[in-house]
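Enquirer: For reference, the structure I am asking about is given below.
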Amino acid sequence: MSATASTAQPSLFAKLWYDKNNRSIVVQILATIVLIWFFGSMVLNAVINLEAQGRGFSFAFLEQPASYDINQHLIPYSSRSSHLQAMWVGIINTLLVAVAGIILSTILGFTLGVLRLSKNWLVNKLAYVYIEYVRNVPVLLHILLIHGIIVHSLPRTKEAWNLLSDTAFISNRGLFMPSPEFLPMFKFVLAAFIGAIVFAWLFRRFARSLQARTGTQLPVFWVSVLAIIGLPVIAFIATGHPINWEYPTLKGFNFQGGAVIRPEFLALWLALSLYTAAFIAENVRAGILAIDHGQTEASMALGLPRNRTLNLVVIPQALRVIVPPLSSQYLNLAKNSSLAIAIGYMDVTATIGGISLNQTGRAMECMILVMAIYLIISLTISGIMNYYNKRIALVER
Amino acid sequence: MKKTLLAATVALTAMATTAQADTLEDVKARGELNCVVTTGLVGFAAPDADGQWQGFDVDFCRAVAAAVLGDGSKVKFIPSTGKTRFTLLSSGEGDILFRNTTETMSRDADLKLSFLPVNYYDGQGFMVPKALGVSSAKDLDGASICIQTGTTTELNLADYFRTNGISYEPVPIETNEEARPNYLAGRCDVYTTDASGLAATRAAFENPDEHMVLPEIISKEPLAGAVRHGDDLWFDIAKWTVLALIAAEEMGITSENVEEMGAAAGDNPNVNRLLGLEGDFGAMIGLDKQWAMRAIAAGGNYGEIFDKNIGPETALGIERGLNAQWSDGGILYAAPIR
Amino acid sequence: MEEMIPKKQYAPGEHPEMPPPFKTKGAGLWLQQNLFSSPTNIVLSILAIYFLYKMLPGLLEWSLLDAAFTGSDRNECRAKAGGACWAFISERLPLFTYGFYPAEERWRVDLSFLFLVISAVALLWEKCPLRKPLMVFAVFFPFIAAFLLLGGNGVKLMVVLACTAVVLLLLYRGFSSAFMMVLALVVAVLAKYAFFGGIGVPFTDIHATQLVDLNQFTQLNLKTVSTDLFGGFMLTLIIGVTGIAFSLPLGVLLALGRQSNLPIIKYSCVVFIEFIRGVPLITLLFVASTMLSFFLPPGTTFNLLVRVLIMVTLFASAYMAEVVRGGLQALPKGQTEAADALGLKYGPAMRLIVLPQALKISIPSIVNTFIGLYKDSVLVIVIGLLDPLGIGRASLSSTEWNGLTNEVYLFVALFFFVSCYGMSRYSLYLENKLHTGHKR
Numbered sequence: 012m013s014a015t016a017s018t019a020q021p022s023l024f025a026k027l028w029y030d031k032n033n034r035s036i037v038v039q040i041l042a043t044i045v046l047i048w049f050f051g052s053m054v055l056n057a058v059i060n061l062e063a064q065g066r067g068f069s070f071a072f073l074e075q076p077a078s079y080d081i082n083q084h085l086i087p088y089s090s091r092s093s094h095l096q097a098m099w100v101g102i103i104n105t106l107l108v109a110v111a112g113i114i115l116s117t118i119l120g121f122t123l124g125v126l127r128l129s130k131n132w133l134v135n136k137l138a139y140v141y142i143e144y145v146r147n148v149p150v151l152l153h154i155l156l157i158h159g160i161i162v163h164s165l166p167r168t169k170e171a172w173n174l175l176s177d178t179a180f181i182s183n184r185g186l187f188m189p190s191p192e193f194l195p196m197f198k199f200v201l202a203a204f205i206g207a208i209v210f211a212w213l214f215r216r217f218a219r220s221l222q223a224r225t226g227t228q229l230p231v232f233w234v235s236v237l238a239i240i241g242l243p244v245i246a247f248i249a250t251g252h253p254i255n256w257e258y259p260t261l262k263g264f265n266f267q268g269g270a271v272i273r274p275e276f277l278a279l280w281l282a283l284s285l286y287t288a289a290f291i292a293e294n295v296r297a298g299i300l301a302i303d304h305g306q307t308e309a310s311m312a313l314g315l316p317r318n319r320t321l322n323l324v325v326i327p328q329a330l331r332v333i334v335p336p337l338s339s340q341y342l343n344l345a346k347n348s349s350l351a352i353a354i355g356y357m358d359v360t361a362t363i364g365g366i367s368l369n370q371t372g373r374a375m376e377c378m379i380l381v382m383a384i385y386l387i388i389s390l391t392i393s394g395i396m397n398y399y400n401k402r403i404a405l406v407e408r
Numbered sequence: 126m127k128k129t130l131l132a133a134t135v136a137l138t139a140m141a142t143t144a145q146a147d148t149l150e151d152v153k154a155r156g157e158l159n160c161v162v163t164t165g166l167v168g169f170a171a172p173d174a175d176g177q178w179q180g181f182d183v184d185f186c187r188a189v190a191a192a193v194l195g196d197g198s199k200v201k202f203i204p205s206t207g208k209t210r211f212t213l214l215s216s217g218e219g220d221i222l223f224r225n226t227t228e229t230m231s232r233d234a235d236l237k238l239s240f241l242p243v244n245y246y247d248g249q250g251f252m253v254p255k256a257l258g259v260s261s262a263k264d265l266d267g268a269s270i271c272i273q274t275g276t277t278t279e280l281n282l283a284d285y286f287r288t289n290g291i292s293y294e295p296v297p298i299e300t301n302e303e304a305r306p307n308y309l310a311g312r313c314d315v316y317t318t319d320a321s322g323l324a325a326t327r328a329a330f331e332n333p334d335e336h337m338v339l340p341e342i343i344s345k346e347p348l349a350g351a352v353r354h355g356d357d358l359w360f361d362i363a364k365w366t367v368l369a370l371i372a373a374e375e376m377g378i379t380s381e382n383v384e385e386m387g388a389a390a391g392d393n394p395n396v397n398r399l400l401g402l403e404g405d406f407g408a409m410i411g412l413d414k415q416w417a418m419r420a421i422a423a424g425g426n427y428g429e430i431f432d433k434n435i436g437p438e439t440a441l442g443i444e445r446g447l448n449a450q451w452s453d454g455g456i457l458y459a460a461p462i463r
Numbered sequence: 088m089e090e091m092i093p094k095k096q097y098a099p100g101e102h103p104e105m106p107p108p109f110k111t112k113g114a115g116l117w118l119q120q121n122l123f124s125s126p127t128n129i130v131l132s133i134l135a136i137y138f139l140y141k142m143l144p145g146l147l148e149w150s151l152l153d154a155a156f157t158g159s160d161r162n163e164c165r166a167k168a169g170g171a172c173w174a175f176i177s178e179r180l181p182l183f184t185y186g187f188y189p190a191e192e193r194w195r196v197d198l199s200f201l202f203l204v205i206s207a208v209a210l211l212w213e214k215c216p217l218r219k220p221l222m223v224f225a226v227f228f229p230f231i232a233a234f235l236l237l238g239g240n241g242v243k244l245m246v247v248l249a250c251t252a253v254v255l256l257l258l259y260r261g262f263s264s265a266f267m268m269v270l271a272l273v274v275a276v277l278a279k280y281a282f283f284g285g286i287g288v289p290f291t292d293i294h295a296t297q298l299v300d301l302n303q304f305t306q307l308n309l310k311t312v313s314t315d316l317f318g319g320f321m322l323t324l325i326i327g328v329t330g331i332a333f334s335l336p337l338g339v340l341l342a343l344g345r346q347s348n349l350p351i352i353k354y355s356c357v358v359f360i361e362f363i364r365g366v367p368l369i370t371l372l373f374v375a376s377t378m379l380s381f382f383l384p385p386g387t388t389f390n391l392l393v394r395v396l397i398m399v400t401l402f403a404s405a406y407m408a409e410v411v412r413g414g415l416q417a418l419p420k421g422q423t424e425a426a427d428a429l430g431l432k433y434g435p436a437m438r439l440i441v442l443p444q445a446l447k448i449s450i451p452s453i454v455n456t457f458i459g460l461y462k463d464s465v466l467v468i469v470i471g472l473l474d475p476l477g478i479g480r481a482s483l484s485s486t487e488w489n490g491l492t493n494e495v496y497l498f499v500a501l502f503f504f505v506s507c508y509g510m511s512r513y514s515l516y517l518e519n520k521l522h523t524g525h526k527r
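Protein chains in written order, with the working numbering: chain Y, 12 to 408; chain R, 126 to 463; chain A, 88 to 527.
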C-alpha cells in the first residue's frame, strides 16, 4: 500500500483493529507476547530461585540408590535399586490399581445402573440409596473408611480366616493366596489357549458370513466359550498338571510364600471402584433412559425377543450415550488413585512424588515427573476411549 | 524489546534477592517469626484445644522470637509434613525450622540447610506388643513394620535389616496419628520411629503396659533446628539462642530468676556475659544486650523446656539420658559465650 | 390374571357384589408387583432382604442404640456404651465448625454464613421475595464475607465495593464490548492493588497509611484474623464457594477460547484445559503449597490459603470449560449464524444469543462440577490445611480421644452427604424444569 492520499488514510490503530483479519492477527500476537512473557518470567524466576539456593535443575539423582523398601513391587526392587527403579515400581502399582479399578467399576457400575432401573422396588431403592451415598461423599473418606474397616474388622494374622482348607487366608494383613509356578510343559496349555482364541475369532467370521449368505445362525457365543475354556483344560490334563502351587503358611509373624493382596491395595481398589461405579451407574441409567421407547417397541413389533431387543437395539444405542461420560469416569479413577498416599499404597505419587522427593529434596524435578506420568496415563486412557467411541459411533451418511 | 524486558526482570529479581537474604530485617519488618513445625506430635509441637501451639520445638521457636522481636508470642507456626518441611523453609515461607528433624550431611550440603546446635539427641527404636514375646530387634525376621514415610527412619530401617540379613514387610504410614490405629489393630507387628516419638505414642495408648520398646537403638538421630544457607547473621542468631538456653541451664538461670539475675551484675562473669551485663554480645549478632534474657524468660532454659513438655513428669515420661548436661553425664555441651 | 367364572347365572344387575379379585389392592398386590413379580425378582428381593438383615441392625446399634452421646473422654464413653462415642464430636464441634478461629470473633463467621444463605436463596429460588435487591447483595457478598472473615480496615472494603459497583454499572450501561470489560477489570485490579498491596494479599497488609485516619472516621475496624486459623467446615465452605464463584466465569472464557478460530488462543486454551484435566488435584495442590514460590520473583510469597483457592479455581475452571463446551456444541449452528446475520459483533452475539442458551443446556452438569469441586476441597488435608478431616485427625492425637477414627470419618461423611445431596437434588429439580421435551 503506497501513501498516496495522506489525509484520508485511516489511522494505524483503525487499520489494525477494525479489519477482521488484521485484528485476529493482532490479538494473536498480543496473546503470544503475553504467554511468552508469562512463562518466560516463570522459568526465569525458577532459574534465579534455584540459583539463589545454589541448586541446579538436574535429574541425576534418579541414578542414586533409593535406600528405602517398597512392600509391593511387581518388578525386581530392593533398597539398593535406583530412584528410577522406584519410580517404575510406583508407575506399575498405579497402573495396576487403575486397570483393576476400571474393570471392577465397569462391572459394578453397569450392574448397579441396571438394578437402578429394576422394577423390583426394594432393589431399586437400595441401589438408589447406595448410589446417592457414595456419590455425595468425597472419595478420600471412602478410601480411609474402607481401609479402616479392613484393618480393624478382619482378624489378625494368627486368627486368619482359613479358606478352602489351607490354600488361602484372609487377615487384616491382606488376602494370602497360593502362587503358581509354571513348569516347562505349561507352554502347551498357553498355546492351546491362544489357539482357542484364534479359533473363536475365525469361527465368528465364518458364522457371520454364513448368516449373511444363508441366514442360518450358529451358536457363536457358546462355541467360543467352550473352546476357550475347554481346549486349555484338555491341554492342562494331557500335559499332566504343569503348575506347582506354592501355598502360604503361617511362619513367625506372617504368612510366608504364596501371593498376597495387601489391605492398602484392596482398600484403594475397592474404594475407587465403588465410588466410580456409582457415577457409571448413573451414566448407564441415563444412557438406557435416553433410548426412545419407540425403538424398543419397534423392535418388539418386528418380533425380536426381549434379550435380542436388548442386545441388538437398546445396548448399541445406549453405549453411544454412555461411552463419552464413561471415559471421563475412567480418567477420574486413574487420577484419584493418587490418593493412595493417604493409606500408604506405594503408587507413583508415593514413591517418586513422595519418599524420593523427601529423601532427595528435589521437589521440582519429582513433581514434574509425577505430573508428566499422570498426563501420559490420562492421554492414553482418553486415546483408547476416543478410539472405542469412534468405533461404536453412529455412522451417518 | 524482549531482551530489555528480560533484563528488567533480571534486575528486579536480583534486587529482590538481596532483600530476601536479610532474614533478620524481614522478620523485624514483619513483626512476626515464621516457624516451621510438625503438624502435630504431642510434646514436640501440637495445637491444644484453644489452638495454642505447645511443645518442645514450639518453645525453641518462641525463644528465638523473644530474642529477635522481644516477644515470645510473635510467632506464626507453619505446620508441615515430612514432605513439605524443607521446601517451606527453602522457599522463604518459613524463617526457621524446628521440627524434630535429623541433621544429615545431604540435608546440610544438598538441601542447603544450616543446622543449628542439636537440641535433642535421639535414636530410632522399635515398639512391639509384649504378647509377641520378642526381646530383640534381631528376632523380627518376617515382621510387618509400620514406618513414617519421608523420614530418615525409613532409610535406617532398610539399612539395618539389610546388614543383618533379615527380611520385613514395610507398612508406610504418613503421620504418627495414623500409625497408632494400624499398629494397635495388628496391621503391623512393630512400630518404629525415634525413641522420643515411640514414648509419646506409647503414652497415649489405652494400655501402655502391654507394649514395650526394644533395647536396640539402630541409628543416631541428632534432632536440630535449621535455617537456610546463605544468611550467616540469621544463622548465628538462631544458633546462639539455642546455645544460650543450654548454657542457662548449666549456669542455673531459669525463667523465674532471670529477671532478678539480669537486674545487676553478679559474681559469675559467665552469667554476666550471657545476660548482657558485661560486654555487648547481642550487638555481634545484630540484637540488643538483653537478647538472651528474653529468650530464657520466654519458655525457660533448656531443662525447663524439656521437663515441661517431654520430661519424666509429663505423659511422655522421657528421661534426660543423653540430653543431660555434660556435667551430669549427658552430651549437651554449649560453646562458651565470650 | 385369571378370570373368576361365576358358577351360577344371574339376571343382569342381580349379581351380588363380589370381593375384589385377589391382590388388586393392598399390601399383597404391592408386594407381588414390586418384589416377587418374576423368579429373578424373587431372588433379588431375597438377596436384598438378607443384605439389609445383615447390615442394618449392627449399624443402627453401633451408631445410635448403643452409642454414648455424653462423656468427657474415650474411657468414659467406653464405660457407658459399646458403640460409637459421639461425645467426642459434640465436644469438638466448635473446632470442626470454625477451626481455630478465635472464639470471641466467631460471630463474624456466623454472620458471613447467614449472608451466604441469603445470597444463595436469592440466586437459586426464583420466587424469593425482594429477589432483585438481594441479588445485588449477592454480587457484593464475596467482598463483605472476605472483610468479615479476615477483619482489618473497613475503608478498604468500601473502596472495593465502590469499584465493583462501578464495574457493574459500566457493564449494565451497555459498555459491553470486550474492551470495556477489560478496562473495567483493569481498573478494579489496580484499585485493589493500590489499596491492598497486591492481588491475593489479604486485607491486613495495608501500605496506604493515610487511610488510617479515614478509618477512625468510619468506625469500621475489625480485629484481623490470620488465615492459618481458618479450618473445619468453614474452610470447606470458603474453598467451595470461592471455587464456585470464580470457576464459572473462567470456565466460560476458556470454553469460548477453545471454540475460537484464532489458532493461538484456541491451542493455549486446549493445552491448559487438557493439562489441568490430566493431572490429579493433589499434585496441583502440592505445587501450590511448596513450589509456587519458585516461579515467583524471589522474595514474593503470598498467603497459602489464597494459593490453594487459586489452584482449586483453576482446576475447577478446566472442568467447567468442558461442560460449557458441551453446551456450546449442543447449540445448533443456526444460532450463531443468525447472530452474524443480524450484524452482531462477537461479544454481543455470545453474550446475548449463544451463552444464555448454552449455559441453560449445561446447568445440570455445572452443578455436578460444583459438587465435585466441593468434595475435592477435602484434599487440602494433604498440604496441611485443617479441613474437617484434618481437624478430626489433629483431635485424634489428643490423649483423651484417640482411637475414635470411625466416628470422625462418619461425621465428616455425613456433613458432605447432606450438603452434596442437597445440591444434587437442586440440580435434578433444574433438570426437570428445563426438560421441555415430552416424556412418557
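For each residue, glycine too, the CB sits at the ideal point set by N, CA and C.
1. Does the CB of residue 218 of chain R have a neighbour CB from chain D at under 8 Å?
2. How long is the line joining the alpha carbons of residue 438 of chain Y and residue 339 of chain R, rounded to whole angstroms?
3. Taking Cβ positions only, does residue 99 of chain R come closer than 8 Å to chain A?
4. May I ask which residues mark the beginning and end of the beta strand (DSSP E) holding residue 186 of chain R?
5. Using a Cβ-Cβ distance under 8 Å, would residue 470 of chain A count as near chain R?
6. Pull up the DSSP beta-bridge partners for residue 182 of chain Y, would you.
7. Quick one: list the residues of chain A neighbouring residue 164 of chain R, beta-carbon separation under 7 Å, in chain order.
8. Once DSSP output is grouped into helix, strand and coil, what is the label at residue 306 of chain R?
9. Tell me the DSSP secondary structure of residue 105 of chain A in three-state form.
10. Please list, in chain order, the chain A residues whose beta carbon lies closer than 9 Å to that of residue 201 of chain R.
11. Suppose you measure from the CA of residue 243 of chain Y to the CA of residue 235 of chain Y; what does that come to, to the nearest Å?
12. Within the same chain, show all residues whose beta-carbon is closer than 6 Å to that of residue 57 of chain Y, passing over the 5 residues directly before and after it, in chain order.
13. Taking the alpha-carbon positions, what's the residue 430 of chain R to residue 506 of chain A distance?
14. Would residue 135 of chain A pass as an interface residue toward chain Y - the criterion being a Cβ-Cβ separation below 8 Å?
15. Is there a Cβ from chain R that is less than 8 Å from the Cβ of residue 163 of chain Y?
16. Can you tell which of A:364, A:479 and A:313 has its C-alpha closest to the C-alpha of residue 390 of chain A?
17. Pull up the distance between the alpha-carbon of residue 284 of chain Y and that of residue 348 of chain R, whole angstroms please.
18. What are the start and end residues of the alpha helix (DSSP H) that includes residue 257 of chain Y?
19. Are the region 351-362 of chain A and the region 180-195 of chain R touching by the rule of at least three beta carbon pairs closer than 8 Å?
20. Three Cβ pairs or more, each shorter than 8 Å: is that satisfied between the region 197-210 of chain R and the region 305-319 of chain R?
21. Note down, in chain order, every chain Y residue with its Cβ under 7 Å from the Cβ of residue 431 of chain A.
22. On the DSSP bridge list, what partners appear for residue 262 of chain Y?
23. On the DSSP bridge list, what partners appear for residue 434 of chain R?
24. Is the number of C-beta pairs between the region 319-336 of chain A and the region 184-203 of chain A that are closer than 8 Å three or more?
25. For the region 305-323 of chain R, which residues have a CB atom closer than 8 Å to at least one CB atom of chain A, in sequence order?
Expert: So, from the data block:
1. In summary, chain D is missing from the structure at hand, where the protein chains are Y, R and A.
2. Beyond the ends of chain Y as shown, which are 12 and 408, falls residue 438 of chain Y; an answer cannot be given.
3. Residue numbering for chain R in the displayed model covers 126 to 463; residue 99 of chain R lies beyond these limits and cannot be assessed.
4. Stepping through the second sequence from its first residue, residue 186 of chain R is reached at position 61. No beta strand (DSSP E) holds residue 186 of chain R; the alpha helix (DSSP H) holding it covers 181-194.
5. On the third sequence, position 383 is the one that residue 470 of chain A refers to. For residue 470 of chain A, the answer is yes, since a Cβ of chain R falls inside 8 Å of its Cβ.
6. For this step, residue 182 of chain Y is matched to residue 171 along the first sequence. Residue 182 of chain Y is bridged to Y:185.
7. Numbered from its first residue, the second sequence carries residue 164 of chain R at position 39. Result: 471.
8. Within the second sequence, the letter at position 181 stands for residue 306 of chain R. Note: residue 306 of chain R maps to helix in three-state DSSP.
9. In the third sequence, residue 105 of chain A corresponds to position 18, counting from 1. Residue 105 of chain A falls in the coil class under three-state DSSP.
10. Counting from one through the second sequence, the residue named residue 201 of chain R turns up at place 76. Here the neighbours are 313 and 315.
11. If you number the first sequence from 1, residue 243 of chain Y lands on position 232. If you number the first sequence from 1, residue 235 of chain Y lands on position 224. Going by the C-alpha atoms only, they are around 13 Å apart.
12. Indexing the first sequence from 1 puts residue 57 of chain Y at position 46. There are no such residues.
13. Here residue 430 of chain R refers to the residue found at position 305 when the second sequence is read from its first residue. Here residue 506 of chain A refers to the residue found at position 419 when the third sequence is read from its first residue. Taking the straight line from one Cα to the other gives about 45 Å.
14. Translated into the one-based positions of the third sequence, residue 135 of chain A becomes position 48. Taking Cβ atoms only, chain Y reaches closer than 8 Å to residue 135 of chain A, which makes this a yes.
15. Mapped onto the first sequence, residue 163 of chain Y falls at position 152. It does; some Cβ of chain R falls within 8 Å.
16. Numbered from 1 along the third sequence, position 303 holds the residue referred to as residue 390 of chain A. Comparing Cα-Cα distances from residue 390 of chain A to each of A:364, A:479 and A:313, the minimum goes to A:313.
17. For the purposes of this step, residue 284 of chain Y is taken as the residue at position 273 of the first sequence. For the purposes of this step, residue 348 of chain R is taken as the residue at position 223 of the second sequence. Spanning the two alpha carbons is a distance of roughly 43 Å.
18. One-based indexing of the first sequence puts residue 257 of chain Y at position 246. Run containing residue 257 of chain Y: none in the alpha helix (DSSP H); it sits in the beta strand (DSSP E), 254-257.
19. no
20. no
21. As a first step, residue 431 of chain A must be located in the third sequence, where it is residue number 344. Going along chain Y, no residue has its Cβ under 7 Å from residue 431 of chain A, so there is no contact; the nearest lies around 14 Å.
22. Reading the first sequence from its first residue, position 251 is the one you call residue 262 of chain Y. Y:265.
23. Residue mapping note: residue 434 of chain R aligns to position 309 of the second sequence, counting from 1. In the DSSP output, where bridge partners are listed per residue, residue 434 of chain R has none listed.
24. yes
25. 305, 306 and 309
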